[in-house]
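**Student:** Residue numbers (the numbering used here): 2 to 179.
We put the beta carbon where it would ideally sit given N, CA and C, even for glycine.
1) Please report the straight-line C-alpha distance between residue 48 and residue 25, rounded to a whole angstrom.
2) What number of angstroms, rounded off, separates the C-alpha of residue 51 from the C-alpha of residue 117?
3) Since I believe residue 92 is in contact with residue 152 (beta carbons under 8 Å), could you give me their beta-carbon distance rounded to a whole number of angstroms?
4) My understanding is that residue 59 touches residue 171, with C-beta atoms under 8 Å, so please give their C-beta distance in whole angstroms.
5) With DSSP run on the structure shown, which of helix, strand or coil describes residue 11?
6) Can you list, in chain order, the residues of its chain with a C-beta nearer than 8 Å to that of residue 114? Leave out the 5 residues immediately preceding and following it.
7) Can you have a look at residue 19 and say buried or exposed, based on whether 16 or more other CB atoms are within 10 angstroms of its CB?
8) Please state if the CB of residue 37 and the CB of residue 83 are separated by a distance shorter than 9 Å.
9) Just verifying my parser: in three-state terms, what is the DSSP assignment at residue 98?
10) Compute the Euclidean distance between the alpha carbons of residue 179 and residue 127, then round it to the nearest angstrom.
11) Quick one: which unbroken alpha helix (DSSP H) runs of 4-plus residues sit fully inside the region 33-70? Chain order, please.
12) From this set, 166, 163, 44 and 132, which residue's C-alpha is nearest residue 205's C-alpha?
13) Locate the beta strand (DSSP E) running through residue 120, then write down its first and last residues.
14) So what does residue 81 bridge to, in DSSP terms?
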């Protein structure tokens, strides 16, 4: 009994190993086939809070925001079953360079990366609430980066790549007729 208690205490005192900077890429590759519409992937800045919703899994990447976002978008572009709807913090457009060095360059690079993708800007607190609600029922993968500029997190709500809103509306119309 005492040896079992000592063993358990030793296990609890041992810190969990940090995931290496490349393991987040392999985790992302494993996760994407499991994800579907209503799931989310978040590429978050370093101050993004840990959330308690059971469906939210956080991985600390130890990588830059742009590197992580490029990898996520690349992996999603290869997926046949999902496509991202991008949500950005509305506040990002208003953050002055004088208060957050690097924000102007980040906005330019972000615009280039997201060109042609459906994008919505919403208040940060509203996105967090939506993510928290989604995490109660659906899986959310949060990839936390080393970036230290505020309101730069990119929220990717996954949607079905092969069945869009137009097809859904058409289906509902047919169902209502018949």
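**Tutor:** Taking the structure as given:
1) Taking the straight line joining both Cα atoms gives about 18 Å.
2) Taking the straight line from one Cα to the other gives about 31 Å.
3) Contact between residue 152 and residue 92 holds, since their C-beta atoms are separated by about 4 Å, short of 8 Å.
4) At roughly 38 Å, the Cβ-Cβ gap does not stay under 8 Å, so residue 59 and residue 171 are not in contact.
5) Here residue 11 scores only 44 on pLDDT, less than 50, and its place in the model is too uncertain to base an answer on.
6) Excluding positions up to five away in sequence, the list reads 67, 70, 71 and 74.
7) With a pLDDT of only 41 at residue 19, under the threshold of 50, the placement of this residue in the model should not be trusted; the figure read from the coordinates follows. Under this definition residue 19 is an exposed residue.
8) Note that the C-beta distance between residue 83 and residue 37 is below 9 Å.
9) Residue state, collapsed to three classes: coil.
10) Looking at the two C-alpha atoms, the distance is approximately 38 Å.
11) With a minimum length of 4 residues, no continuous alpha helix (DSSP H) run stays inside the region 33-70.
12) Any question about residue 205 goes unanswered here, given that the chain covers just 2 to 179.
13) It spans 120-123 - the beta strand (DSSP E) in which residue 120 sits, taken as one unbroken run.
14) According to DSSP, residue 81 bridges with nothing at all.
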